[in-house]
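Note that this note's numbering has the sequence shown beginning at 3, numbered continuously upward.
Using N, Cα and C, we set each Cβ at its ideal position, and we do this for glycine too.
Report on the following structure.
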Amino acid sequence: MQYLDADVFGCYVPPFGESYFHLPTGRCSNGRLIVDLTAELFGMPLPQPYLKTWNESVANVQEGINFAVSGATVLDASFFEDIGSVVLTNVTLKYQLNWFKDFLASLCNTSSKCNEIIGSSIFLVGEMGGDDYNYMLFSGISLEDMPAYVTLVVKAMGTAINELIDLGAVTLLVPGILPIGCTPSYLTKYATEDTEEYDPETGCLTKYNKLAEYHNEQLQKELQSIQALNPQTNIIYADYYNASMGFFRSPAQYGFTREGTLKSCCGGGGPYNYNASLGCGQPSTILCDDPSQYVSWDGVHLTEAAYAWITVGLLEGPYTTPRLSTLCISENATKIQMTTRVNKSFSEH
């Protein structure tokens, strides 16, 4: 979620939020995000955005708070300035970590109380890294040079995770990145007549998905190293990539249409209904009739339906390491799973 200047960011305008909240809330989707759905499955209220809660009492936010900002990067803004990339926000992972420290200081006034709160909390760290790669690639860095930058991103994520552990974090859920080669933004920007560039089963761009796979492999190695040095912690890898690849291989199984796997629901037209110069919410954008049949909401972010399926796959399925499926969430997970097929279910709120 993001709570910055609405004139700069487009997620504050209709039709963002239309399916669940019935108005824009700063979430770059038509409804809830993975962090929202995860909280609901654990029986908690939706996490409050930190940038909207500065003046609220601690009691209002102690059951969950969200420090995320759409477009935020792992690497510092100075890195992107040096490579000539224009970023949507100068907020980085380091900023968010500092916000957490400030929040913690207001939440508890003794180290024992802080340790109690942090130790009983679950930290969802990400998904991060995808925006870093977007900015790098879109500014002209070649795909062949990306492995070196993946190392920088993963190491920076590791540093942040270690800092959270030093602050007392015990349970951390750390996602990998999504299959970027299946997104309308990449499919539009890197469209080619060379059919060998596309996966014949899914229509996704193979080499960009391989970049995502490489990031996820390196992230898992980093998490394993951190876990080995901190046996008192539970560091859980969340496999967003494979939790979502089924959408593109077997869309009907998830209630998606074949068209809805690669075209965005809301966008500026074209083969994938995506135009970087005409984003969702601007005049003349094209909006689909049923977002629950689409994976991508705006060409970059997913629909609530897609996020719901990923959440169920993480919390009840095989897409976490170690597995989370032993948690007592089966009844709620089934409810979430059922609603992904019925768009009107998203409008009951």
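Between the CA atoms of I288 and A278 - distance to the nearest angstrom: Position 276 of the sequence shown, counting from 1, holds the residue named residue 278. Position 286 of the sequence shown, counting from 1, holds the residue named residue 288. Near 13 Å, if we compare the C-alpha coordinates of I288 and A278.
Identify whether T153 lies in helix, strand or coil by the three-state DSSP scheme. Within the sequence shown, residue 153 is the residue found at index 151, counting from 1. Reduced to three states, the DSSP call for T153 is helix.
Which of helix, strand or coil does DSSP assign to Y243? In the sequence shown, residue 243 corresponds to position 241, counting from 1. The DSSP-derived three-state label of Y243 is helix.
With a 10 Å radius around its C-beta and 16 neighbouring C-beta atoms as the bar for buried, classify G261 as buried or exposed. Taking the sequence shown and counting its residues from 1, the one referred to as residue 261 is at position 259. The sequence shown places Glu at residue 261, rather than the Gly named in the question. Exposed, because fewer than 16 other Cβ atoms sit within 10 Å of the Cβ of E261.
Put Y256 into one of helix, strand or coil per three-state DSSP. Here residue 256 corresponds to residue number 254 of the sequence shown, with the count starting at 1. Note: Y256 maps to helix in three-state DSSP.
Euclidean distance between Cα positions of P51 and G66: For the purposes of this step, residue 51 is identified with residue 49 of the sequence shown, where counting begins at 1. For the purposes of this step, residue 66 is identified with residue 64 of the sequence shown, where counting begins at 1. Approximately 9 Å, taken between the alpha carbons.
Is the CB-CB distance between A74 and D133 below 8 Å? Counting from one through the sequence shown, the residue named residue 74 turns up at place 72. Counting from one through the sequence shown, the residue named residue 133 turns up at place 131. Cβ atoms of A74 and D133: closer than 8 Å.
So within the segment 158 to 228, which uninterrupted alpha helix (DSSP H) runs reach at least 4 residues, ignoring any that extend past its ends? 186 to 191
Where L326 sits in the DSSP three-state scheme: Walking along the sequence shown from the start, residue 326 turns up at place 324. Coil at L326, not helix or strand.
Got a sec, what are the start and stop residues for the alpha helix (DSSP H) F140 sits in? Reading the sequence shown from its first residue, position 138 is the one you call residue 140. Unbroken alpha helix (DSSP H) run through F140: 132 to 140.
Compute the distance between the beta-carbons of F258 and Y296, then report whether it is under 8 Å. Here residue 258 corresponds to residue number 256 of the sequence shown, with the count starting at 1. Here residue 296 corresponds to residue number 294 of the sequence shown, with the count starting at 1. Contact flag set, yes.
Can you name the start and end residues of the alpha helix (DSSP H) that I119 belongs to? In the sequence shown, the residue the question calls residue 119 occupies position 117. Residue range 113 to 121 is occupied by the alpha helix (DSSP H) that includes I119.
For a quick check, are the C-beta atoms of T185 and S298 less than 8 Å apart? For the purposes of this step, residue 185 is taken as the residue at position 183 of the sequence shown. For the purposes of this step, residue 298 is taken as the residue at position 296 of the sequence shown. Cβ atoms of T185 and S298: closer than 8 Å.
Return yes when the Cβ of I237 is within less than 8 Å of the Cβ of V176, no when it is not. Against the sequence shown, residue 176 aligns to sequence position 174. Against the sequence shown, residue 237 aligns to sequence position 235. It is a contact, given that the beta carbons lie within the stated cut-off.
By Cβ distance below 8 Å, which residues in the same chain neighbour C330 in space, the five residues on each side in sequence not counted? Taking the first residue of the sequence shown as 1, we reach residue 330 at position 328. Summary for C330: the model assigns pLDDT 46, below 50, so the residue's position carries little reliability; its value from the coordinates is reported in the next sentence. When the five nearest sequence neighbours on each side are left out, no beta carbon in the same chain lies closer than 8 Å to the beta carbon of C330.
Can you list, in chain order, the residues of its chain with a C-beta nearer than 7 Å to that of I228? Leave out the 5 residues immediately preceding and following it. Indexing the sequence shown from 1 puts residue 228 at position 226. If we look at I228 and ignore the five residues flanking it on each side, its Cβ neighbours are G160, I163, N164, I237.
Which residues bound the beta strand (DSSP E) around L126? If you number the sequence shown from 1, residue 126 lands on position 124. Unbroken beta strand (DSSP E) run through L126: 124 to 126.
Cβ-based burial, H24 [other Cβ within 10 Å; buried from 16]: Sequence index remark: in the sequence shown, residue 24 carries index 22 (1-based). Around the CB of H24, fewer than 16 other CB atoms lie within 10 Å, so the residue is classed as exposed.
Is K265 a contact residue of the ligand FAD, with contact defined as CB to any heavy atom under 7 Å? Absence of the ligand FAD is noted for the structure shown, with no ligands found whatsoever.
One question on the structure: do T235 and L174 come within less than 8 Å of each other, judged by their Cβ atoms? Position 233 of the sequence shown, counting from 1, holds the residue named residue 235. Position 172 of the sequence shown, counting from 1, holds the residue named residue 174. Yes, Cβ-Cβ distance for T235 and L174 is below 8 Å.
Tell me where the alpha helix (DSSP H) around N100 begins and ends. Within the sequence shown, residue 100 is the residue found at index 98, counting from 1. Looking at the DSSP string, the run of the alpha helix (DSSP H) that includes N100 is 95 to 109.
List the whole-angstrom C-beta distance separating Y274 from T190, where the pair is believed to meet the contact cut-off of C-beta under 8 Å. Along the sequence shown, one-based indexing puts residue 274 at 272. Along the sequence shown, one-based indexing puts residue 190 at 188. Yes, Y274 and T190 are in contact; Cβ-Cβ is about 5 Å, under 8 Å.
Grab the span of the alpha helix (DSSP H) containing D300 for me, first residue to last. To locate residue 300, count along the sequence shown from 1; it is residue 298. Segment: none, D300 is in no alpha helix (DSSP H) and carries neither H nor E.
Buried or exposed for L157, going by 16 or more other Cβ atoms inside 10 Å? What you label residue 157 is simply residue 155 of the sequence shown in a count that begins at 1. The question names Leu, but residue 157 in the sequence shown is Lys. Exposed is the call here.
Going by other Cβ atoms of all chains shown within 10 Å of its Cβ, with 16 needed for buried, is P17 buried or exposed? As a working mapping, residue 17 is identified with position 15 in the sequence shown. Around the beta carbon of P17, 16 or more other beta carbons lie within 10 angstroms, which makes this residue buried.
Quick one: residues in its chain with C-beta nearer than 6 Å to the C-beta of G12, no 5 flanking neighbours on either side, listed in chain order? Indexing the sequence shown from 1 puts residue 12 at position 10. The beta carbon of G12 is closer than 6 Å to those of G281, G283 in its chain, skipping five residues each way along the sequence.
So, using beta-carbon positions, are K96 and D78 closer together than 8 Å? For the purposes of this step, residue 96 is taken as the residue at position 94 of the sequence shown. For the purposes of this step, residue 78 is taken as the residue at position 76 of the sequence shown. Contact: yes.
Thinking C-alpha only, which one of H303, G170, S286 is nearest G121? The residue given as residue 121 occupies position 119 in the sequence shown. Residue G170 is the option with its Cα nearest to G121.
Can you name the start and end residues of the alpha helix (DSSP H) that F80 belongs to? Taking the sequence shown and counting its residues from 1, one reaches residue 80 at position 78. Here the sequence assigns Ser to residue 80, which means Phe is not the residue at that position. In the DSSP assignment, S80 falls within the alpha helix (DSSP H) that extends over 79 to 84.
Buried or exposed for S72, going by 16 or more other Cβ atoms inside 10 Å? Taking the sequence shown and counting its residues from 1, one reaches residue 72 at position 70. Looking at its Cβ environment, which holds 16 or more other Cβ atoms inside 10 Å, S72 is buried.
Would you mind stating whether L180 and A214 have Cβ atoms separated by less than 8 Å? As a position in the sequence shown, residue 180 is number 178, starting the count at 1. As a position in the sequence shown, residue 214 is number 212, starting the count at 1. Contact: yes.
In chain order, what residues of the same chain have a beta carbon less than 6 Å from the beta carbon of E224, not counting five sequence neighbours either side? Mapped onto the sequence shown, residue 224 falls at position 222. Excluding its 5 nearest sequence neighbours in each direction, E224 has C-beta neighbours in its own chain below 6 Å: V156, G160, listed in chain order.
Separation of T40 from P47, as counted between CA atoms: If you number the sequence shown from 1, residue 47 lands on position 45. If you number the sequence shown from 1, residue 40 lands on position 38. Between P47 and T40, the C-alpha separation is close to 10 Å.
Could you tell me the distance, in whole angstroms, from the CA atom of A245 to the CA atom of P320? Sequence index remark: in the sequence shown, residue 245 carries index 243 (1-based). Sequence index remark: in the sequence shown, residue 320 carries index 318 (1-based). For A245 and P320, the distance between alpha carbons rounds to 8 Å.
Are Y239 and Y210 close, meaning C-beta to C-beta below 8 Å? Within the sequence shown, the letter at position 237 stands for residue 239. Within the sequence shown, the letter at position 208 stands for residue 210. The answer is no: Cβ separation not under 8 Å.
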